[in-house]
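Notes follow the structure.
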Amino acid sequence: MHLPAFESHKFPNGCQLYAMQTNKPGLCFLELVFSNGRWTETTKLSARLSAQLIMEGTDGVKADVVADFIALHGAHLSVQADLDFTFISLSCLQKHFGALTEFLCNLALSPAYRKEDLDRNRSFLHSQLKHQLSEPDYVSYREFTSLIYGRDTAYGYNTTPELLDALRVEDLRSYHDANYCGNYLSAFYCGEMDERTVERLEQQLNRF
181 MHLPAFESHK FPNGCQLYAM QTNKPGLCFL ELVFSNGRWT ETTKLSARLS AQLIMEGTDG
241 VKADVVADFI ALHGAHLSVQ ADLDFTFISL SCLQKHFGAL TEFLCNLALS PAYRKEDLDR
301 NRSFLHSQLK HQLSEPDYVS YREFTSLIYG RDTAYGYNTT PELLDALRVE DLRSYHDANY
361 CGNYLSAFYC GEMDERTVER LEQQLNRF
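Under our numbering, the first residue of the sequence shown carries the number 181, and numbering increases by one thereafter.
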């Protein structure tokens, strides 16, 4: 098996970058992977909600502005969280990479975590959970994992209305401050490779 050649760079803040040349000129992809998730929580559900609200914007930028900025540049930006990692992924045209990377890092570094955004997302999750609990396979999976790992462990506890209602903005900010940092960050880049690109990535990723 012949794997594509890649470069590896370790930045002063602890972030590890893996980069490779694309075979599709003009396009690029960047993914930030934070080694966090439930196992670093001090308040249950804080990992999931802190990731979910990143797309709601910063103090000076709300969700509609985020959506407009991404659409204007013809890009795709997503944030996903699981039990062990948070993934922030960007696909875009190479010519917009600099502006979009800075925008992405601003979102990841300084989410506003407004109470109204938390309340809206909490309401959606309440509705989603009510529907999921009507599905036998979903209920079975919840019970199965809680029995294997323990109902109060990171891998075994289940989302409940009570846990959702107990979550505060301060819990999200506390989780973010402790877990979105360079030591927990690995970055994966595929696109045009030159010295300027690596310098630009280092400049932005060293902010964590």
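Glycine included, C-beta positions come from ideal geometry on N, C-alpha and C.
Every value quoted in this text rests on a predicted model; they were computed, and no experiment measured them.
(request) Note the first and the last residue of the continuous beta strand (DSSP E) segment covering Ile268. (result) Taking the sequence shown and counting its residues from 1, the one referred to as residue 268 is at position 88. That run of the beta strand (DSSP E) goes Thr266 to Leu273.
(message) Whether or not the segment 228-238 and the segment 186-206 are in contact is what I'm after, with contact meaning three or more pairs of Cβ atoms, one per stretch, closer than 8 Å; do they touch?
(response) no
(request) With a 10 Å radius around its C-beta and 16 neighbouring C-beta atoms as the bar for buried, classify Arg348 as buried or exposed. (result) The sequence position of residue 348 within the sequence shown is 168, counting from 1. When all chains shown are included, Arg348 counts as exposed.
(message) Restricting to Cα atoms, I'd like to know which of Gln196, Met181 and Arg387 is closest to Asn137.
(response) Nothing can be reported for residue 137: it is not among the residues displayed for the chain, which extend from 181 to 388.
(request) Could you please give the first and the last residue of the uninterrupted beta strand (DSSP E) stretch that includes His256? (result) Locating residue 256 in the sequence shown gives position 76, counting from the first residue. His256 to Ala261 is the span of the beta strand (DSSP E), which, as asked, contains His256.
(request) Count the other C-beta atoms from every protein chain shown that fall within 10 angstroms of the C-beta of Phe324, then say buried if there are 16 or more, exposed otherwise. (result) Along the sequence shown, read from residue 1 onward, the residue named residue 324 stands at position 144. With fewer than 16 other Cβ atoms within 10 Å, it is exposed.
(request) State buried or exposed for Asp299, treating a residue as buried only when at least 16 other CB atoms are found within 10 Å of its CB. (result) If you number the sequence shown from 1, residue 299 lands on position 119. Exposed, since its Cβ has fewer than 16 Cβ neighbours within 10 Å.
(request) Name the residue from Arg331, Ala227 and Lys190 whose alpha carbon lies nearest to the alpha carbon of Phe267. (result) Stepping through the sequence shown from its first residue, residue 267 is reached at position 87. Per the Cα distances, Ala227.
(request) Whole angstroms is fine: what's the gap from Leu344's alpha carbon to Ala251's? (result) The sequence position of residue 344 within the sequence shown is 164, counting from 1. The sequence position of residue 251 within the sequence shown is 71, counting from 1. Cα to Cα, Leu344 sits roughly 31 Å from Ala251.
(message) With distance defined between alpha-carbon atoms, name the residue in Ala288, Leu352, His182 and Asp248 nearest to Leu229.
(response) As a position in the sequence shown, residue 229 is number 49, starting the count at 1. Closest by alpha carbon: Leu352.
(message) Across the segment 354-362 and the segment 327-343, are there enough close Cβ pairs to call them in contact, namely three or more that are closer than 8 Å?
(response) no
(message) Using DSSP's beta-bridge definition, name the partner residues of His189.
(response) Counting from one through the sequence shown, the residue named residue 189 turns up at place 9. According to DSSP, which records beta bridges pairwise, His189 is partnered with Leu197.
(message) Is the separation between the beta-carbon of Tyr360 and that of Ala288 shorter than 8 Å?
(response) Along the sequence shown, one-based indexing puts residue 360 at 180. Along the sequence shown, one-based indexing puts residue 288 at 108. Yes, the Cβ-Cβ distance between Tyr360 and Ala288 is below 8 Å.
(request) Counting only the same chain and skipping the five closest in sequence on each side, list residues whose C-beta sits under 7 Å from that of Leu280. (result) Translated into positions along the sequence shown, residue 280 becomes position 100. So the qualifying residues of the chain are His253, Ala255, Leu270 and Cys272.
(request) Pull up the DSSP beta-bridge partners for Glu211, would you. (result) Working through the sequence shown from its first residue, we reach residue 211 at position 31. Answer by DSSP bridge pairing, in chain order: Ser269 and Phe368.
(message) With the cut-off set at 8 Å, would you say Phe265 and Gly217 are in Cβ contact?
(response) Taking the sequence shown and counting its residues from 1, one reaches residue 265 at position 85. Taking the sequence shown and counting its residues from 1, one reaches residue 217 at position 37. Going by C-beta atoms, Phe265 is nearer than 8 Å to Gly217.
(message) In whole angstroms, give me the CA-to-CA distance for Leu257 and Leu305.
(response) As a working mapping, residue 257 is identified with position 77 in the sequence shown. As a working mapping, residue 305 is identified with position 125 in the sequence shown. Those two C-alpha atoms are separated by around 21 Å.
(request) Could you pull the start and end residues of the alpha helix (DSSP H) that Phe324 belongs to? (result) Counting from 1 along the sequence shown, the entry for residue 324 is found at position 144. Unbroken alpha helix (DSSP H) run through Phe324: Pro316 to Tyr329.
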